[in-house]
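Line by line, the protein sequences give chains A and B. Each residue of the first sequence is one higher than the one before, counting from 1 in this note's numbering. Each residue of the second sequence is one higher than the one before, counting from 1001 in this note's numbering. Quick reminder that beta carbons are idealized off the backbone N, C-alpha and C, glycines included. Data block below; observations after.
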Amino acid sequence: MIEALSKKEIPEASMTQSTDRLRQSNRGAIHVDKVSVEFKRNGQAFSALAPVDLNVEAGAFVSFLGPSGCGKTTLLNVISGMLRPTTGSVQIDDTPVTRPIPLCNVVFQQHSLFPWMKVIDNVAFGPQQLGDGDPEGTARTFLSLVGLDKFATLYPAQLSGGMQQRVAIARALATYPPVLLMDEPFGALDAQTRTIMQEELLKIWANFSTTVIFVTHDIDEAIYLSDRIVVMRTAPGSVKEVIDVPIPRPRTPKIMQSEVFSRIRLRVIDLIREETLKIFNSTER
Amino acid sequence: MMNLTGTIGGGGRQGWIAAVVGLAGTTVIWIFASYALFVVTWNIAAGVLDNPVLLPSAGLTLDAAAQLISSGILLSDVLASLKRVVLGFAMAASIAIPLAMLMAFFSTLRRLTMPIVQLLRPIPPIAWIPLAVLWFGIGDPPSYFITAIAAFFPIFLNAFEGGISVEKRHIHAAQFLGAGRRAMIMKIIVPSSMPYIWTGVIVGLGQSWMAVVTAELIAAQSGLGYMIQNSRINLETANVLVGMITIGLLGSLMVAGLRYLERYVLPWKATQ
Ligand SMILES: Nc1ncnc2c1ncn2[C@@H]1O[C@H](COP(=O)(O)OP(=O)(O)OP(=O)(O)O)[C@@H](O)[C@H]1O
Ligand SMILES: [Mg+2]
């Protein structure tokens, strides 16, 4: 299953991901270099991202926090290649990202599973495209990883929101992307499911070399999951502060009671508050 | 899961017939009641008019039908019409669907050809008959042309709608998963457009069936349209009615058949 991907049929874009795999953290370094994004709004240029510089080391789990509208999704879209920045560039390892390529994958709040494919075919699609010798087998492995092997022959619409998100994660991981971008992936789930999904995500991530960028509004979630937290400045978006989370792994929800955790939480709340107030003050005038 | 077995496994024989007649949820009994009401109204009208040339009774019409069936005339006309519909429809679909997909994804082609499509679309199939006769004479070929024209626009416009409504997030997801051009078309774009294409196919087949009768009234010497026209000239009104009812029955059967097939063509829709 794993060796299969390294055969020569693999398209050029995925060559770099083919050789090193599980438990190796030498793929998936992200370099964001002076990226800015301008949107046209009613004919006027609107700056959504000021030049952003950001380096994420291979294998890190990094969260983006910031008030609504500060540009988290925009930055994620640039990193994934779905949006061309107005200036600047993005590299994953040594490959410039100018369009969506298999070096990375994304999981959104609203899943992007293919409704016309059964769950198993959704997960097998990537491995099949990238020349895996046994896409079905790989898909089954990943489905059991997220505990959904029994639902393989259903269509996405027949699953609950939480299950759909798990399939989306399985599908994204099944091609072993060096980078996984997640934009509020658990935003639509209830608190209980959400907690369980967070634990599951950490378990799965521990087995992969994948670099994760995780966007959320939930400060506890961000601290619990991440190695580092990027708090964003707003209007236009940029990096305000990067905070390390020096809590050892494996982590359990218990760490939320620890002193380090509360200290980081207070710091993050302060920073976000500053930015949120900025929006309020600017609209009042 | 419940829903899946409910729609696909359940239903049984009655469900199947109801689906075929195209009245989902209606029992066979209701269909019979509806037809009985139709026949009673018809017979009352025939009794009031009391003139079999203007309106023969249901009984007379049934006699005519029996004769047309036993002589084999009805069957040969039905087959002639069906052949024209199937061929014209197939030609239309095989051009309309790929063209619509190309136009949905290549903006230059779209800009260049969409105005032509918009210009031709409002022209009813019947208006093409003079050209069809000039170009193809009398018989099968002009009828193929007319049925194809009639089916083309509903199929094309729906397929195009499907093509432009393919979601960006699905295209991107496929790119992240390493999809090549071929897989992108065959496994993402086409299935994503399929619900629209299928609607176009159902509407197109109905249009095509209506158009074949029109074409045969003028441009053919066989088929249900020809039979109706010929019977009118001979004042055999009962035969006209047999022809009309056959057209209605076959038309609704065809559409109902396609609606029944839908669960196989769009299996993921059947589960919702
Ligand atoms: N396609 C677009 N056209 C114009 N403006 C846009 C577009 N996409 C985003 N924006 C603007 O760019 C800014 C950043 O948006 P973005 O979606 O990145 O914010 P966000 O941090 O993800 O917010 P949220 O937390 O609410 O998801 C917002 O002001 C938004 O209105
Ligand atoms: Mg967002």
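Inspect the beta-carbon positions of Leu189/A and Gln165/A and report whether they are closer than 9 angstroms.
-> Counting from one through the first sequence, the residue named residue 189/A turns up at place 189. Counting from one through the first sequence, the residue named residue 165/A turns up at place 165. The answer is yes: Cβ separation under 9 angstroms.
By Cβ distance below 8 angstroms, which residues in the same chain neighbour Glu1262/B in space, the five residues on each side in sequence not counted?
-> Along the second sequence, read from residue 1 onward, the residue named residue 1262/B stands at position 262. If we look at Glu1262/B and ignore the five residues flanking it on each side, its Cβ neighbours are Trp1198, Lys1269 and Ala1270.
To the nearest angstrom, how far is it from the Cα of Phe1106/B to the Cα of Pro100/A?
-> By one-based count along the second sequence, residue 1106/B stands at place 106. By one-based count along the first sequence, residue 100/A stands at place 100. Their backbone Cα atoms lie some 20 angstroms apart in a straight line.
Relative to ligand 2, is the shortest distance from any of its heavy atoms to the C-beta of Glu184/A smaller than 8 angstroms?
-> Here residue 184/A refers to the residue found at position 184 of the first sequence. For ligand 2, at least one heavy atom lies less than 8 angstroms from the Cβ of Glu184/A.
Pull up the CB-CB distance for Met1091/B and Ala1148/B, whole angstroms please, since I reckon it's below 8 angstroms.
-> On the second sequence, residue 1091/B is found 91 positions in, with the first residue counted as 1. On the second sequence, residue 1148/B is found 148 positions in, with the first residue counted as 1. With a Cβ gap of about 5 angstroms, Met1091/B and Ala1148/B count as contacting.
Cα-Cα separation between Met1244/B and Met1186/B, rounded to whole angstroms = Here the question's residue 1244/B lines up with position 244 in the second sequence. Here the question's residue 1186/B lines up with position 186 in the second sequence. Met1244/B and Met1186/B: Cα-Cα distance of roughly 41 angstroms.
For Arg1084/B, decide whether its Cβ has a neighbour in chain A, counting only Cβ atoms nearer than 9 angstroms.
-> Stepping through the second sequence from its first residue, residue 1084/B is reached at position 84. Not an interface residue.
Trp1030/B versus Phe1038/B: straight-line alpha-carbon distance, rounded = The residue labelled residue 1030/B in the question sits at position 30 within the second sequence. The residue labelled residue 1038/B in the question sits at position 38 within the second sequence. Trp1030/B and Phe1038/B: Cα-Cα distance of roughly 12 angstroms.
Do you know offhand how far Thr175/A's Cα is from Pro1115/B's?
-> The count along the first sequence starts at 1 and reaches residue 175/A at position 175. The count along the second sequence starts at 1 and reaches residue 1115/B at position 115. Looking at the two C-alpha atoms, the distance is approximately 44 angstroms.
Is any beta-carbon of chain A found at less than 9 angstroms from that of Arg1169/B?
-> In the second sequence, counting from the first residue as 1, residue 1169/B sits at position 169. Yes, its Cβ sits closer than 9 angstroms to a Cβ of chain A.
Determine the direct distance from the alpha carbon of Arg273/A to that of Lys254/A, and round the result to whole angstroms.
-> Working through the first sequence from its first residue, we reach residue 254/A at position 254. Working through the first sequence from its first residue, we reach residue 273/A at position 273. Rounded to the nearest angstrom, the two C-alpha atoms are 26 angstroms apart.
Nearest-angstrom Cα separation, counted from Val242/A out to Thr138/A = On the first sequence, residue 138/A is found 138 positions in, with the first residue counted as 1. On the first sequence, residue 242/A is found 242 positions in, with the first residue counted as 1. Those two C-alpha atoms are separated by around 37 angstroms.
Excluding five sequence neighbours on each side, which residues of the same chain lie with their C-beta closer than 6 angstroms to the C-beta of Pro85/A?
-> Counting from one through the first sequence, the residue named residue 85/A turns up at place 85. For Pro85/A, where only same-chain residues beyond five positions count, the Cβ hits under 6 angstroms are Val35, Val37 and Val78.
Kindly indicate which three-state DSSP category Arg265/A falls into: helix, strand or coil?
-> Here residue 265/A is taken as the residue at index 265 of the first sequence, counted from 1. Of the three classes helix, strand and coil, the one that applies to Arg265/A here is helix, per DSSP.
Does the beta carbon of Arg251/A fall short of 8 angstroms from some heavy atom of ligand 1?
-> Start at 1 with the first residue of the first sequence, and residue 251/A comes out as number 251. Outside the cutoff, so no.
Chain A partners of Phe1153/B, CB-CB under 7 angstroms?
-> One-based indexing of the second sequence puts residue 1153/B at position 153. What Phe1153/B touches in chain A: nothing, since even the nearest Cβ is about 26 angstroms away.
Would a check of beta-carbon distances place Leu65/A closer than 9 angstroms to chain B?
-> On the first sequence, position 65 is the one that residue 65/A refers to. Answer no: the Cβ-Cβ gap between Leu65/A and chain B never drops below 9 angstroms.
Residues near Arg265/A by beta carbon distance below 8 angstroms, same chain, minus five either side | In the first sequence, counting from the first residue as 1, residue 265/A sits at position 265. If we look at Arg265/A and ignore the five residues flanking it on each side, its Cβ neighbours are Ile219, Asp220 and Ile223.
Which residues DSSP lists as bridging Lys1168/B, in chain order | Stepping through the second sequence from its first residue, residue 1168/B is reached at position 168. For Lys1168/B, which the question treats as bridged, DSSP gives no partner whatsoever.
Determine the extent of the beta strand (DSSP E) in which Ile92/A is found, giving its start and end residues.
-> Position 92 of the first sequence holds residue 92/A. Start and end: Thr87 to Ile92.
Listing by chain order, which chain A residues have their CB less than 7 angstroms from the CB of Pro1191/B?
-> For this step, residue 1191/B is matched to residue 191 along the second sequence. Result: Trp116.
Taking Ala48/A as the reference, which of Met256/A, Val260/A and Val239/A has the closest Cα?
-> Counting from 1 along the first sequence, the entry for residue 48/A is found at position 48. The option with the nearest alpha carbon to Ala48/A is Val239/A.
When the Cα of Lys1083/B is compared with those of Ala1173/B, Asn1051/B and Asp1140/B, which residue comes out closest?
-> Within the second sequence, the letter at position 83 stands for residue 1083/B. Ranking Ala1173/B, Asn1051/B and Asp1140/B by Cα distance to Lys1083/B puts Asp1140/B first.
Indicate whether Leu65/A and Val212/A have their beta-carbon atoms separated by less than 9 angstroms.
-> Translated into positions along the first sequence, residue 65/A becomes position 65. Translated into positions along the first sequence, residue 212/A becomes position 212. Cβ atoms of Leu65/A and Val212/A: not closer than 9 angstroms.
With distances taken between CB atoms, is the gap from Gly1062/B to Thr1237/B smaller than 9 angstroms?
-> Taking the first residue of the second sequence as position 1, residue 1062/B is located at position 62. Taking the first residue of the second sequence as position 1, residue 1237/B is located at position 237. Just to set this straight, residue 1062/B is Leu in the shown sequence, not Gly. It is not a contact, given that the beta carbons lie outside the stated cut-off.
Taking 9 angstroms as the cut-off, decide whether the C-beta atoms of Ser112/A and Arg1259/B are in contact.
-> Translated into the one-based positions of the first sequence, residue 112/A becomes position 112. Translated into the one-based positions of the second sequence, residue 1259/B becomes position 259. Cβ distance not < 9 angstroms, so Ser112/A and Arg1259/B don't count as in contact.
For Asp244/A, write down the residues that DSSP places opposite it in a beta bridge.
-> To locate residue 244/A, count along the first sequence from 1; it is residue 244. Its beta-bridge partners are Arg228/A.
Compute the beta-carbon to beta-carbon distance between Arg1121/B and Phe1153/B, rounded to the nearest angstrom, for a pair I have assumed lies under 8 angstroms.
-> Against the second sequence, residue 1121/B aligns to sequence position 121. Against the second sequence, residue 1153/B aligns to sequence position 153. Contact holds; Cβ gap of about 5 angstroms.
Per-residue contacts from Trp1268/B into chain A (C-beta, under 7 angstroms) = Taking the second sequence and counting its residues from 1, one reaches residue 1268/B at position 268. Within 7 angstroms Cβ-Cβ: Pro115, Trp116, Tyr155 and Ala157.
Three-pair Cβ contact test at 8 angstroms for the region 1224-1243 of chain B versus the region 1169-1185 of chain B = no
Mapping DSSP to helix, strand and coil, what is Asp53/A?
-> Taking the first residue of the first sequence as 1, we reach residue 53/A at position 53. Asp53/A: strand per DSSP, three-state reduction.
So Ile1218/B and Ile1123/B are in contact, right, with Cβ under 8 angstroms, and what is the actual spacing, rounded?
-> Within the second sequence, residue 1218/B is the residue found at index 218, counting from 1. Within the second sequence, residue 1123/B is the residue found at index 123, counting from 1. That belief does not hold up - the Cβ atoms of Ile1218/B and Ile1123/B are roughly 16 angstroms apart, past 8 angstroms.
How many angstroms separate the CA atom of Phe1160/B from the CA atom of Ser1193/B?
-> Stepping through the second sequence from its first residue, residue 1160/B is reached at position 160. Stepping through the second sequence from its first residue, residue 1193/B is reached at position 193. Cα to Cα, Phe1160/B sits roughly 8 angstroms from Ser1193/B.
In chain B, what lies closer than 8 angstroms to Gly126/A by C-beta?
-> Taking the first residue of the first sequence as position 1, residue 126/A is located at position 126. Ordered by position in chain B, the residues that pass the 8 angstroms Cβ test against Gly126/A are Phe1176, Leu1177 and Gly1178.
Compare the C-beta of Ile1188/B with all C-beta atoms of chain A and state if any pair is closer than 9 angstroms.
-> Residue mapping note: residue 1188/B aligns to position 188 of the second sequence, counting from 1. So, interface residue.
How do the region 91-109 of chain A and the region 245-261 of chain A stand: do at least 3 beta-carbon pairs fall below 8 angstroms, yes or no?
-> no
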